[in-house]
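Peer 1: Right, I'll just put the structure down here and ask away after.
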Amino acid sequence: MSTKQDNNFQTIISHAKEYGFVFPSSEIYDGLSAVYDYGPYGSELKKNIRNYWWKSMTQLHDNIVGLDAAIFMHPTTWKASGHVDNFSDPMIDNKDSKKRYRVDHLIEGFAEKLESKGKKEEADALVEEMNQLLAKEDFAALKTLIETNKIGCEVSGTCNWTDIRQFNLMFSTEIGSVADATNTLYLRPETAQGIFVNFLNVQKSARMKVPFGIAQTGKAFRNEIVARQFIFRMREFEQMEMQFFVRPGTELDWFEKWKEERLAWHRSLGIAPEKERFLPHIKLAHYANAAVDIEFEFPFGFKELEGIHSRTDYDLRRHQEFSGKKMMYFDPEINQSYIPYVIETSIGLDRMFLAILSSAYEEQELKKEDGTSDSRTVLHISPKISPVKLAIFPLTKKDGLPEIGKELMEDCKTAFRCYYEEKDAIGKRYRRQDAIGTPFCVTIDHQTKEDNTVTVRHRDSMTQERIPMSEVKKMVLGAIL
RNA sequence: GCGGAAGUAGCUCAACUGGUAGAGCGAUAGCCUUCCAAGCUAUAGGUUGCGGGUUCGAUCCUCGUCUUCCGCUCCA
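Per the numbering used here, the first sequence starts with residue 6, numbered consecutively.
Encoded structure:
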């Protein structure tokens with residue numbers, strides 16, 4: 006069963022490459038692991054998903070405004086957010102069992118054993134020494150600490166360890182012309198902090214009143230230890246995040262509201278209900294008091310697509326501490342100042358892209374009238390986000406049909422993405438559009454010259470209908486809005 | 001990072017397992033003018049992942065390396 010799923014996944018990856026959706030990055034140089042580029046149709050689809058999200062957040066909610074914060078941020082941002090401490094875990098491997106451990110977990114686990122044996126003082130001293138060495142990032146001494154205490158692997162029982170290596174999940178770079186340690190910057194590992202540090206700017210400049218939200222889309226970067234599964238887990242990826250600021254005490258109501266609203270958004274793009282599910286977090290992150298994932302059934306199983314977290318006032322409070330600036334909001338209704346609580350909705354644009362692609366992909370077997378069978382590959386992408394909305398085909402290259410087609414093209418292309426094609430048999434042209442998910446094809450034939458009607462061919466049903474050429478634009482606009 | 005498998009045209013594969021690489025599909029141009037792929041003609045496209053070795057000669061044997069896939073491992 007899993008083999009079949011894997012094959013299906015490989016097929017989708019191949020299809021994505023062959024039809025210009027997703028290419029491996031730097032492919033002529035053998036590629037760059039866990040980085041991908043979006044091709045002609047992929048970049049259209051990705052932009053369409055992003056725009057659809059953006060519109061649903063900002064245009065359709067009076068109380069949500071947008072932000073486009075920079076990828077570079079002041080280094081203290083990441084100390085305040087906890088990323089510097091929580092995302093640079095020293096790791097060590099046991100050479101015999103091949104098991105990998107976080108160094109702090111390994112030593113703390115050993116300390117707990119000591120404590121249960123009644124050697125509490127010894128355990129405390131060990132942890133204390135570990136913390137000092139961790140702070141100094143003295144990995145050689147940490148390894149020595151493990152070896153002198155004969156801390157073994159639980160699986161192999163041996164003390165045969167590799168050197169300690171740091172797995173920093175943030176990418177760093179330098180700013181300025183002088184190479185100096187104080188000029189080290191990180192590429193943001195999430196977009197959310199750009200929203201938090203701009204909380205007061207946005208609230209004041211756009212005259213927002215709690216409850217209100219700030220939406221942002223943008224690139225984020227994480228140095229994943231193992232990055233695989235196509236565009237599901239990439240080192241450079243794009244997030245679509247919205248932080249919703251609420252009065253403390255009301256956050257769980259808002260959490261429920263956003264859960265439902267986000268699920269409805271997924272439905273509106275045609276994702277089948279059985280392909281998605283909520284997964285509540287049992288073990289909550291240090292900053293959250295409620296959290297749920299929307300999981301999508303990718304070809305390799307149910308995986309996180311979107312996260313909805315009640316983040317309390319953790320982030321704003323931390324930024325208040327580190328910056329010394331008040332992150333307070335005065336609420337006239339209750340005549341009080343407070344640090345707002347935050348409900349976060351965070352969805353991976355690339356993951357949504359993959360969810361759309363994998364739920365849209367279908368290979369159909371068709372029975373023809375003469376009894377022979379036929380097949381087609383079709384992407385059932387919602388017209389709202391499909392890369393191309395309308396394909397225009399003159400039935401033949403002669404008799405003035407191309408001229409009529411080009412006229413229609415000129416009329417429609419300012420409103421939405423169109424594709425004109427006069428080469429090959431009509432059926433072949435339909436199939437090519439099916440493969441990239443174009444919802445509508447219109448064909449201009451000889452009858453068009455007489456009564457100005459065209460044939461509309463629908464992608465999913467493959468049915469055809471005859472409508473006035475003057476209605477084509479209106480029909481497509483009706484389907485994509 | 002460890003273990004296993006695989007890299008030949010854009011794709012799917014072939015080349016009597018040592019004798020200097022072919023086909024189908026696809027693409028492009030033209031013919032045909034036909035409302036659901038696979039009609040005709042022509043053209044383009046490969047230092048066989050890369051680098052060494054053995055050999056008169058390597059897609060094939062050998063070593064290294066890179067990449068991808070599968071499994072394990074890690075994952076706020």
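Note that beta-carbon positions come from the ideal geometry of N, C-alpha and C, so glycine has one too. Owing to the predicted nature of the structure, the values given are computational and were not obtained by experimental measurement.
Residue ranges of each beta strand (DSSP E) run of no fewer than 3 residues wholly in the stretch 311-343, ordered along the chain?
Peer 2: 334-336 and 341-343
Peer 1: Between which two residues does the beta strand (DSSP E) carrying GLU302 extend?
Peer 2: 295-303
Peer 1: Which partner residues of ASP379 appear in the DSSP bridge assignment?
Peer 2: LEU371
Peer 1: For ARG322, I'd like the list of residues in its chain whose CB is within less than 6 Å of its CB, leaving aside the five on either flank, ordered along the chain.
Peer 2: ILE344
Peer 1: Kindly list the residues whose CB is nearer than 7 Å to the CB of VAL207, restricted to its own chain and excluding five residues on each side of it in sequence; keep chain order.
Peer 2: VAL70, LEU72, MET213 and ILE219
Peer 1: My guess is that TYR425 and ILE397 are in contact by the Cβ rule of under 8 Å, so how many angstroms apart are they, rounded?
Peer 2: 5 Å
Peer 1: In terms of residue numbering, what span does the alpha helix (DSSP H) encompassing MET480 cover?
Peer 2: 477-485
Peer 1: Does the distance from the C-beta atom of PRO399 to that of THR443 stay below 9 Å?
Peer 2: no
Peer 1: Measuring only the C-alpha atoms, how far is ASP318 from TYR346?
Peer 2: 5 Å
Peer 1: Give me, in chain order, the residues of the same chain whose beta-carbon lies closer than 6 Å to that of VAL477; leave out the 5 immediate sequence neighbours on both sides.
Peer 2: VAL447
Peer 1: Bridge partners for ASP245 per DSSP, in chain order?
Peer 2: With the sequence shown as reference, residue 245 is identified as Met, and Asp is not the correct amino acid for it. BP columns for MET245 point to THR222 and ILE352.
Peer 1: Out of curiosity, what's the CA-to-CA distance linking SER351 and ASP143?
Peer 2: 36 Å
Peer 1: For SER380, which residues of its own chain have a beta-carbon under 8 Å away from its beta-carbon, when the five flanking residues on both sides are left out?
Peer 2: GLU368, GLN369, GLU370 and LEU371
Peer 1: Under 9 Å, do LEU65 and ILE112 count as touching if we go by C-beta distance?
Peer 2: no
Peer 1: State yes or no: is the C-beta of LEU310 within less than 9 Å of the C-beta of MET357?
Peer 2: yes
Peer 1: CA-CA distance, GLU134 and ALA140?
Peer 2: 10 Å
Peer 1: Name the one or two DSSP bridge partners that LYS308 has.
Peer 2: PHE301
Peer 1: Could you pull the DSSP bridge partners for ASP42 from this structure?
Peer 2: Under DSSP, the beta-bridge partners assigned to ASP42 are PHE28.
Peer 1: Would you decide whether LYS394 is buried or exposed? Buried here means 16 or more other CB atoms lie within 10 Å of its CB.
Peer 2: buried
Peer 1: Do you know offhand how far ASP298's Cα is from LEU354's?
Peer 2: 15 Å
Peer 1: Is it right to say HIS110 is buried, meaning 16 or more other beta carbons lie within 10 angstroms of its own, or is it exposed?
Peer 2: HIS110 counts as exposed, since fewer than 16 other beta carbons sit within 10 angstroms of its beta carbon.
Peer 1: Span of the beta strand (DSSP E) holding ILE397?
Peer 2: 395-399
Peer 1: Measure the alpha-carbon distance for THR490 versus ALA296 and round it to whole angstroms.
Peer 2: Coverage of the chain is limited to positions 6 through 486, which leaves residue 490 absent and any answer about it impossible.
Peer 1: When DSSP labels each residue in this structure, what does GLY405 get in the three-state scheme?
Peer 2: coil
Peer 1: I'd like to know whether the C-beta atoms of PRO216 and PHE250 end up nearer to each other than 9 Å.
Peer 2: yes
Peer 1: Less than 8 Å between the CB atoms is what I'm expecting for GLU349 and GLN469, so what's the real figure, rounded?
Peer 2: No, GLU349 and GLN469 are not in contact; Cβ-Cβ is about 46 Å, not under 8 Å.
Peer 1: Going by beta-carbon coordinates alone, are ASP439 and THR401 separated by less than 9 Å?
Peer 2: Going by beta carbons, ASP439 and THR401 fall outside the 9 Å limit.
Peer 1: When you compare each of LYS428, ILE431, ARG437 and CYS423 to VAL481 by their alpha carbons, which one comes out closest?
Peer 2: CYS423
Peer 1: Which value, in whole angstroms, describes the spacing of the CA atoms of TYR106 and LEU257?
Peer 2: 36 Å
Peer 1: Taking a contact to mean a Cβ-Cβ separation below 9 Å, would you say TRP259 touches SER315 in this structure?
Peer 2: yes
Peer 1: Name the two residues that bound the continuous beta strand (DSSP E) containing THR458.
Peer 2: Segment 458-463, the beta strand (DSSP E) holding THR458.
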